[in-house]
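Asks: The opening residue of the sequence shown carries number 1 in the working numbering; numbering runs sequentially from there. We treat Cβ as the ideally placed atom computed from N, Cα and C, and that holds for glycine. Remember, it's a predicted structure, so these values are computed and weren't measured experimentally.
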Amino acid sequence: MALEVQSEAPPEVESNPPDPAHSNRGSPWLVWALLALVTYTLSLGPVAKFAPSNDTLIRVIDVFYSPLLLFADKCKPVHQFLRWYVEDLWQCKGCVGTLTSVVTTDSGRLKSS
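#1: According to the neighbour-count rule (16 or more other Cβ atoms, all chains shown, within 10 Å of its Cβ), is LEU44 buried or exposed?
#2: When DSSP labels each residue in this structure, what does TRP90 get in the three-state scheme?
#3: Just verifying my parser: in three-state terms, what is the DSSP assignment at PRO52?
#4: Contact check, PHE71 vs VAL63 under 8 Å by CB: the rounded distance?
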């Protein structure tokens, strides 16, 4: 009589294909983009406070932050936040010339003076 050796195959692991709705492949990019935007916005305060009063540097800073300041010019909540952030929190009224002279005109718009 011969012994039969039965080899049992390991149980198959059920593999589900990834659900595209639950895929997080784009999440790291979104996180990095949001982090960059927040860092860009919040860097205005320290730059305004500690940047030397050099005309060339002030122009470079003005150009660098012009998208943010233009957006603040069009969006009142952003304008109010930047004004509070730069003038009140960083206590910087006119620290770097035109950049941080975030002054409210009669229409409530941002202007450089």
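Replies: Taking the coordinates as given:
#1: Here residue 44 refers to the residue found at position 44 when the sequence shown is read from its first residue. By the 10 Å Cβ count, LEU44 comes out buried.
#2: Counting from one through the sequence shown, the residue named residue 90 turns up at place 90. Here TRP90 sits in coil by DSSP.
#3: For the purposes of this step, residue 52 is identified with residue 52 of the sequence shown, where counting begins at 1. DSSP places PRO52 in coil when its eight states are reduced to three.
#4: Here residue 71 is taken as the residue at index 71 of the sequence shown, counted from 1. Here residue 63 is taken as the residue at index 63 of the sequence shown, counted from 1. With a Cβ gap of about 15 Å, PHE71 and VAL63 do not count as contacting.
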